Every structure is written in structure tokens, then in C-alpha cells.
Amino acid sequence: MTDKTLQQIDKLICSWLKQIDNVIPQLIMEMTTETKRHRFDLVTNVDKQIQQQFQQFLATHFPEHQLLAEEKSNEMITNEINHLWIMDPIDGTANLVKQQEDYCIILAYFYEGKPMLSYVYDYPHKKLYKAIRGEGAFVMELRWKNHHR
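First residue of the sequence shown? That's 12 in the numbering used here, and the numbers climb one at a time after it.
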């Protein structure tokens, strides 16, 4: 995987996150909640819609990529994966339901089993944290500097 390809994928993901940013308020206004395995394991329409929109995004831009996600059946995932995305559409669903704070979208991209890109989008605070293999970590497009080295 070339650096240029990785940068192109990153640019598209950042664009998708900006688009989803415009969709979330309406989803929250119309929020519905269900339980999954037990009463404290929640899923909302927000989780489902964000994941569905990411699946559509992948199908359009990267049809050869597979998605392993919390709110879907992952039976079709095989061991012969070159391109794998792992997603939690809303990490902190209970926080979203109770207070509409302290939740985020989490995405990670693996190429041939190696982590290449990762994203944590803190929607309530409009902050994007990301890491790009070989380039480092960024907060709001600014390189994060580790002062404890």
C-alpha cells in the first residue's frame, strides 16, 4: 500500500465523516432505542443508520473492502481479507441515550492484517482524532506531539 493511496483513503473518510456530521442531528431528534442481548446493551437508529451509510460508502468507493461492525452480522467475513474496516458506529450508546454526551464513532482500517488508519470522531465536541501509519497521530488535522518521550 502506497502512502498516496493511504492519503486518498484518509481524505475520503474525512469527507464521509463531515457528511455524517450533518445527518446525526436529525437521527438524534428521531432517536429510537432497542435492547440487544440484555437491557443494558442498547442499539439506536443512530447506530444502525451510521453503520448502514458507511456500508454504502464502502460499496461505492471500495467495493473490495469488508466491514466488521458491531451492529451487523459478520458471518461473511473470511480469513482471506486484504482490506478490513472495523467499526463501532456509536461507542457509548448508553451515554448518547441518557445525556447525548461522551460518545463517538470509531473506525479502523487494516490492510493485510496491519493497522493503517484509525479514527475516533467525538461528535458532541466536533473533534476528530486520527492516526495514519507512518505519519503519526492527529487531532483536528494537527499533529499530536508526545511530550513525554
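Virtual Cβ for every residue (Gly too), placed ideally from N, Cα, C.
This structure is a prediction, so every number in the text was calculated from the model and none was measured.
Using the three-state DSSP reduction, which class does ASP21 fall into: helix, strand or coil? helix
Take the Cβ of LYS141 as the centre, count every other Cβ of all protein chains shown within 10 Å, and call the residue buried at 16 or more, exposed below. buried
For TYR232, the three-state DSSP class (helix, strand or coil): No information on residue 232 is available, as it lies outside the stretch 12 to 160 that the chain covers here.
Reduced DSSP category for LYS59 - H, G, I as helix; E, B as strand; rest coil: helix
Quick one: what does DSSP say THR46 is sitting in, helix, strand or coil? strand
Out of MET12, PHE65, MET42, state which residue places its alpha-carbon closest to the alpha-carbon of CYS25. PHE65
Residues in its own chain within less than 8 Å of ASP99 by CB, not counting five upstream and five downstream? ALA80, GLU81, ILE116, ILE117
Segment limits, alpha helix (DSSP H) that includes GLN77: That residue, GLN77, is in no alpha helix (DSSP H); its beta strand (DSSP E) goes 77–80.
Candidates ASP113, LYS109, THR71, TRP96: closest to LYS125 by CA position: TRP96
Report the rounded CA-to-CA distance for ILE61 versus TYR120, giving the unit in angstroms. 17 Å
Please classify PRO74: does DSSP put it in a helix, a strand, or coil? coil
Could you spell out the range, first to last residue, of the beta strand (DSSP E) harbouring MET12? Where MET12 is concerned, there is no enclosing beta strand (DSSP E), given that its DSSP letter is neither H nor E.
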